[in-house]
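Engineer: Line by line, the protein sequences give chains A and B.
The working numbering applies: residue 20 is where the first sequence begins, and numbers increase by one.
The working numbering applies: residue 1031 is where the second sequence begins, and numbers increase by one.
We put the CB at the ideal spot given by N, CA and C, even for glycine.
The structure is given below, and queries will be raised subsequently.
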Amino acid sequence: MKKYLALLLALCMVFALAACGQAAAPAQEAAPAQEAAPAEEPAATGTLKIWVAEAVVDFTKEQVASFMADHPEYAGYTVSVEPVGEGDAASNMLMDVEAGADIFGFPQDQLARLVAADALIPLSDENAAIVAEENDAGSVAAATMAGTVYAYPLTSDNGYFLYYDKSVISDPSTLEGIIADCEAAGKSFYYDLRSGWYMPAFFFGAGCTLTYDTDDSGAFTACNIDYASEAGLGALKALIALHKSPAFVNGSSVSNATNAAAIIDGTWDADAAKELFGENYACAKLPTVEINGTATQLGGFGGFKLLGVKPQTDETKLALCDDLALFLSSGDVQLARYNVVFWGPSNIAAKADPAVQADEALAALGAQLAFTVPQGQYPGEYWSLAEALGDDIIAGKYDTADDAALMEALQNFQDTCISYAG
Amino acid sequence: MDEKKRGNSGFLKWLGNDLKDIGQTFVRGDWKTKLSFLIMGFGQLCRGQIVRGLSMLALQGGLLYFIFGFGWQYLTKILTLGTVETHREGRVTVYGHNSFFILLYGILVIVAVLALIYLWRLNLRQNRDAEHLLSAGKRLPSNKEDLASLFDKNFDKTLLALPVLGIFIFTVLPIIFMICIAFTNYDVTHQPPSKLFTWVGLQNFKELFGIGGTGNFGGTFFYVLGWTLLWAFFATFLTYFLGMAVAILINKKGIKFKKLWRTILVLTIAVPQFVSLLYVGKMFAVDGLVNAFLMRWGWISTPINFWANATSARVLIIIINLWIGIPYTMLIVTGLLMNIPAELYESARIDGANAFQSFRKITLPYMLFVTGPFLLTQFIGNLNNFNVIFLLNQGNPKSLELTNNAGATDLLVTWLYKMTINDSNYKIAAVIGIMVFIVTAVISLIVYNVLPSVKDEEGFQ
Chain A
20 MKKYLALLLA LCMVFALAAC GQAAAPAQEA APAQEAAPAE EPAATGTLKI WVAEAVVDFT
80 KEQVASFMAD HPEYAGYTVS VEPVGEGDAA SNMLMDVEAG ADIFGFPQDQ LARLVAADAL
140 IPLSDENAAI VAEENDAGSV AAATMAGTVY AYPLTSDNGY FLYYDKSVIS DPSTLEGIIA
200 DCEAAGKSFY YDLRSGWYMP AFFFGAGCTL TYDTDDSGAF TACNIDYASE AGLGALKALI
260 ALHKSPAFVN GSSVSNATNA AAIIDGTWDA DAAKELFGEN YACAKLPTVE INGTATQLGG
320 FGGFKLLGVK PQTDETKLAL CDDLALFLSS GDVQLARYNV VFWGPSNIAA KADPAVQADE
380 ALAALGAQLA FTVPQGQYPG EYWSLAEALG DDIIAGKYDT ADDAALMEAL QNFQDTCISY
440 AG
Chain B
1031 MDEKKRGNSG FLKWLGNDLK DIGQTFVRGD WKTKLSFLIM GFGQLCRGQI VRGLSMLALQ
1091 GGLLYFIFGF GWQYLTKILT LGTVETHREG RVTVYGHNSF FILLYGILVI VAVLALIYLW
1151 RLNLRQNRDA EHLLSAGKRL PSNKEDLASL FDKNFDKTLL ALPVLGIFIF TVLPIIFMIC
1211 IAFTNYDVTH QPPSKLFTWV GLQNFKELFG IGGTGNFGGT FFYVLGWTLL WAFFATFLTY
1271 FLGMAVAILI NKKGIKFKKL WRTILVLTIA VPQFVSLLYV GKMFAVDGLV NAFLMRWGWI
1331 STPINFWANA TSARVLIIII NLWIGIPYTM LIVTGLLMNI PAELYESARI DGANAFQSFR
1391 KITLPYMLFV TGPFLLTQFI GNLNNFNVIF LLNQGNPKSL ELTNNAGATD LLVTWLYKMT
1451 INDSNYKIAA VIGIMVFIVT AVISLIVYNV LPSVKDEEGF Q
């Protein structure tokens, strides 16, 4: 009897193990498909998967349904819409291209990674022409690499500007004034200086550049950077001075801010900021800051959300993907999307809509956009390198450093940035 | 060196004997045995051992089909890991070779070949033994007896067959695969299915140790390794001794509400670490609770950024870990304390020993003896304590002095995680995985061999 019990237990163990193995199964199943893929035969049926941010899943479903109703030629395809955050979408696509979605939304800083992993198919010439004509120049540039358009712009609102509390900040036009008001009121000024995205506000504002050149395979060929310069030194000193202020708190998320009077953040936090500041809610372009003795307007990145199409092995499905992605990024849909989730459109016609024009946060972003550069492509290592520089500033490593030591740190940063290219 | 030589010659001798045995089986065997060299199970079938014969034949057929029908296409490419790149015909994508699957299935096929060789050898031995039995005038075991033996003499094999298979597929195969990745250039610029990766020998190891690599990879690796060991040491022994102290304190005669104190401490176990650690991490932020209270009480005028500085972040992590770790040790030690015979303490007291002396001479040796293996597993667990580090501060702060996303409180495992998830740097991550294994294996073996509980099993009987 004992023996059979033992056998039973052993069997249970195996099933338990098999259950653990479930997650690995799709990868193995993918193998035969992999081999069969090149010899495909045209079939007008199939499935198509879309990944979009949680907030727009229902909206996207509705739009897809109306698209499918207008296009009976694709009736054989079933389209599923799944909630996958934009940052995750890019990582998931890189992890396993074949299991990934056919159409997916992603932030444009992921473009180079996705192109390098061949997770994006370039737009057809007709679609590229339509996209270039209907969207603002910055968003088209963000979707373009080495002259090829790889994605459909969805939004033109991935930038940052100043949210502030009218009752505390009397004049949001200079950083010195904001800091003084915050200190006087015992409130905090939030800015994320340990971030490759927010930190350039100081450096770009001071007149520095940091861009990368890429070739058409998504590889980085050259880095154009001049942080180790008089202007860069001034920007770094301004950052150090900011970190020394007791009112400074590192951060850029309204929902994590506990004692904020001013915060540099983006449109995605507009609702949270309204809630935090209540009737004292106000927005403005970024302030000026004293760099090397002159008041300098802070710069920064203009960023965009994009919609990409995965390389396809089936011609009909590719056509469907192209048409659907073009539709989902069209002006009408962008405007409809703005009305539902307030994502600032990149489409020129949608931007001109009165409802969009009246949005306070988008207006502040629009004012700031004049001082920003469209965000190009940066290697993944750059973002962690910038965090490292930010951490060193916050840890106080440069608090007492002289100009020579600061210049050495900037030179080190610059050399490391250059080493990522080529 | 000598031992290795002996090992080598031992293996060669075994191989020689085995080959000789195979030859003798062929030369001395009858035609049934001879044909079994080609068709496995033939001899058994002819001699009426249908079950053995059929299973051998089925296994041979299955494995050969797997090797040639499925695996051959992968096996032939395993030296290059594929040569045909993914390309586009018009706008339609044509996928080329997939290095990932070539490596994975290639390994599987190699294992299948080894299994086939083993079964073939087993098949020969069965034939030889059957002939010996027959020539000695004995009866061969019948089919019924063969089957019955699976639930009697060979019951261990029956029991273990499926678990071993499961462990092989879900544990051993992935480990072999990961070790192989360490010798390839599988990284962000070589990602299947669109890009190929290939063998690069020891290149990744050289890069990690800073030989001929770019940046400060070697320095960063040893920095992270140093902190990993330091952390494991403090995390293990501080929680151990403080937990013991708390347990002894609560256990002391005259302490009231013993159960209440224990319950309060155990509450930290009741809240999942995912929740409590994330929350505590936030509490110590610049705008967190701790700073807010310190400022309200007027102890500090400006907030302290605990997580910004390498030293303060490290100290804080160790302290927070104490808060989580002490209750566990306390529970274990409380149970053990009650096991120490009270007479020992009594006679110590009569001999004039003070409290500290009886702790040092009675309690501590007993504890170390009983909890030695526990301490070892704690230490190894702390070397790989992903949760505490990652949930508290993600291994930050970073610094320009470190490369590849590493931070001052990163352990090797959290660094490995960042490399795979953020940077898709699978090749170096695989090398670090091997390094983690070496570190844990060396420490385990050394410590295990000097543990009193292993050396002297009867010590406290």
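Below 9 Å between beta carbons is the criterion; list the residues of the segment 1459-1471 of chain B that meet it against any residue of chain A, in chain order.
Structural biologist: none
Engineer: What residues of chain B sit near Leu337 of chain A, judged by a beta carbon separation below 9 Å?
Structural biologist: Arg1121, Val1122 and Thr1123, listed in chain order.
Engineer: Return the first residue and the last residue of the beta strand (DSSP E) that Leu326 of chain A is part of.
Structural biologist: Start and end: Lys324 to Val328.
Engineer: Who are the neighbours of Gln331 of chain A on chain B, taking C-beta pairs under 9 Å?
Structural biologist: Arg1121, Val1122 and Thr1123
Engineer: Between Ala42 of chain A and chain B, is there a C-beta pair that is closer than 8 Å?
Structural biologist: At Ala42 of chain A the pLDDT is 39, less than 50, meaning the model places this residue with poor confidence and gives no usable figure here.
Engineer: Return the chain-ordered list of same chain residues with a C-beta closer than 8 Å to the C-beta of Trp1257 of chain B, the five sequence neighbours on each side being excluded.
Structural biologist: Arg1344, Ala1438, Thr1439, Asp1440 and Leu1441
Engineer: In the DSSP assignment, find the alpha helix (DSSP H) that holds Asn243 of chain A and state where it starts and stops.
Structural biologist: No alpha helix (DSSP H) holds Asn243 of chain A; the beta strand (DSSP E) holding it covers Phe239 to Ile244.
Engineer: Secondary structure at Tyr183 of chain A, three-state DSSP: helix, strand or coil?
Structural biologist: strand
Engineer: Secondary structure at Tyr1478 of chain B, three-state DSSP: helix, strand or coil?
Structural biologist: Three-state result, Tyr1478 of chain B: helix.
Engineer: Is the beta carbon of Gly1355 of chain B closer than 8 Å to that of Trp1231 of chain B?
Structural biologist: One point to set straight first is that residue 1231 of chain B is Gly, not Trp, in the sequence displayed. No, Cβ-Cβ distance for Gly1231 of chain B and Gly1355 of chain B is not below 8 Å.
Engineer: Between which two residues does the beta strand (DSSP E) holding Thr124 of chain A run?
Structural biologist: Checking the sequence shown, residue 124 of chain A turns out to be Gly, not Thr. Looking at the DSSP string, the run of the beta strand (DSSP E) that includes Gly124 of chain A is Ile122 to Pro126.
Engineer: Candidates B:Lys1064, B:Tyr1309, B:Val1316 and B:Trp1445: which alpha carbon is nearest Ala1460 of chain B's?
Structural biologist: Proximity to Ala1460 of chain B across B:Lys1064, B:Tyr1309, B:Val1316 and B:Trp1445 peaks at B:Trp1445, based on C-alpha coordinates.
Engineer: Run through DSSP, which three-state label would His1117 of chain B get?
Structural biologist: strand
Engineer: Using a 10 Å radius around the Cβ and a threshold of 16 neighbouring Cβ atoms, would you call Tyr1095 of chain B buried or exposed?
Structural biologist: exposed
Engineer: Rounding to the nearest angstrom, what Cα-Cα distance links Phe1409 of chain B and Pro364 of chain A in this structure?
Structural biologist: 54 Å
Engineer: Taking only beta carbons into account, state which residues of the segment 367-385 of chain A come closer than 9 Å to chain B, listed in chain order.
Structural biologist: Residues passing the 9 Å Cβ filter: none.
Engineer: Helix, strand or coil: how does DSSP classify Val1484 of chain B here?
Structural biologist: helix
Engineer: For a test of the three-state rule: what should DSSP assign to Asp303 of chain A, helix, strand or coil?
Structural biologist: According to the sequence provided, residue 303 of chain A is Ala. The question's Asp does not apply to it. Ala303 of chain A: strand per DSSP, three-state reduction.
Engineer: Going by C-alpha distance, which of A:Glu379, A:Asn358, A:Phe361 and A:Ser349 is nearest Asp155 of chain A?
Structural biologist: A:Ser349
Engineer: At what residue ranges does the segment 88-137 of chain A contain a whole run of the alpha helix (DSSP H), taking only runs of 4 or more?
Structural biologist: Within the segment 88-137 of chain A, the runs of alpha helix (DSSP H) that reach at least 4 residues and sit entirely inside it are, in chain order, 105-114 and 130-135.
Engineer: Ser1039 of chain B to Thr1250 of chain B, Cα distance in whole Å?
Structural biologist: If you draw a straight line from the Cα of Ser1039 of chain B to the Cα of Thr1250 of chain B, it comes to about 42 Å.
Engineer: Spatial neighbours of Leu258 of chain A within its chain, please: C-beta separation below 7 Å, excluding the five flanking residues on both sides.
Structural biologist: Leu212, Phe221 and Ile412
Engineer: Any idea if Phe1416 of chain B is buried or exposed, counting beta-carbon neighbours within 10 angstroms, 16 or more meaning buried?
Structural biologist: exposed
Engineer: Give the straight-line distance between the Cα atoms of Lys263 of chain A and Phe1287 of chain B, rounded to the nearest whole angstrom.
Structural biologist: Each residue's alpha carbon lies about 49 Å from the other.
Engineer: So, does the segment 1108-1127 of chain B touch the segment 1217-1228 of chain B, judging by three or more C-beta pairs under 8 Å?
Structural biologist: yes
Engineer: Please report the residue range of the alpha helix (DSSP H) in which Trp1445 of chain B lies.
Structural biologist: Leu1442 to Ile1451
Engineer: Hey, would you say Leu384 of chain A sits closer than 8 Å to Asp184 of chain A, going by beta carbons?
Structural biologist: no
Engineer: Taking the alpha-carbon positions, what's the Gly106 of chain A to Asp1186 of chain B distance?
Structural biologist: The alpha-carbon of Gly106 of chain A is positioned some 51 Å away from that of Asp1186 of chain B.
Engineer: Note down, in chain order, every chain A residue with its Cβ under 8 Å from the Cβ of Ile1451 of chain B.
Structural biologist: Ser110
Engineer: How should Gln1387 of chain B be labelled, buried or exposed, when 16 other C-beta atoms within 10 angstroms of its C-beta is the threshold for buried?
Structural biologist: exposed
Engineer: Taking the alpha-carbon of Tyr96 of chain A as reference, which of A:Thr335, A:Pro393 and A:Ala405 has the nearest alpha-carbon?
Structural biologist: A:Thr335
Engineer: Among residues of its own chain, excluding the 5 on either side of Tyr210 of chain A, which ones have a beta-carbon nearer than 6 Å to its beta-carbon?
Structural biologist: Ile283
Engineer: Any beta carbon of chain A sitting closer than 8 Å to that of Ser1454 of chain B?
Structural biologist: yes
Engineer: From the DSSP output, which residues share a beta bridge with Asn366 of chain A?
Structural biologist: A:Asn154
Engineer: What's the C-alpha gap between Ala9 of chain A and Leu404 of chain A?
Structural biologist: The structure shown has nothing for residue 9 of chain A, since chain A only spans 20 to 441.
Engineer: From the DSSP secondary-structure annotation, give me the bridge partner or partners of Asp1317 of chain B.
Structural biologist: According to DSSP, which records beta bridges pairwise, Asp1317 of chain B is partnered with nothing at all.
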